[in-house]
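> The structure's right below; bear with me while I get my questions together.
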Amino acid sequence: MLAIDVLWVGIGGGIGSLLRWWIGVLVAKKYHHPFPLATFLINISGAFIIAYLSVFFGRLA
């Protein structure tokens, strides 16, 4: 693993965590229910994004 790979993982993790927090705050402001909708939406959308990026970058390799 190269240093640039570690840098990209760090950047992606930082952006992902900020987006996760931001989406959680936005959903919590509009949706008040015992079901954790923000967590559900974040996890489902994250799974689709990871799958898309895996296929996208897999085709480039």
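Using the working numbering, read the sequence shown as starting at 4 and increasing by one per residue.
Idealized CB from N, CA, C, for every residue including glycine.
Nothing here was measured: the structure is a model prediction, and the numbers come from that model.
#1: With DSSP collapsed to three states, give me the class of Tyr34.
#2: How about the region 26-46 and the region 4-12: do they share at least three Cβ pairs that are nearer than 8 Å?
#3: Using the beta-carbon count (16 or more within 10 Å), is Ala54 buried or exposed?
#4: In this structure, how does DSSP classify Leu5 when only helix, strand and coil are distinguished?
#5: For Ala41, count neighbouring C-beta atoms within 10 Å of its own C-beta (all shown protein chains included) and say buried if the count is 16 or more, exposed if not.
Reading from the atomic positions:
#1: coil
#2: no
#3: exposed
#4: coil
#5: buried
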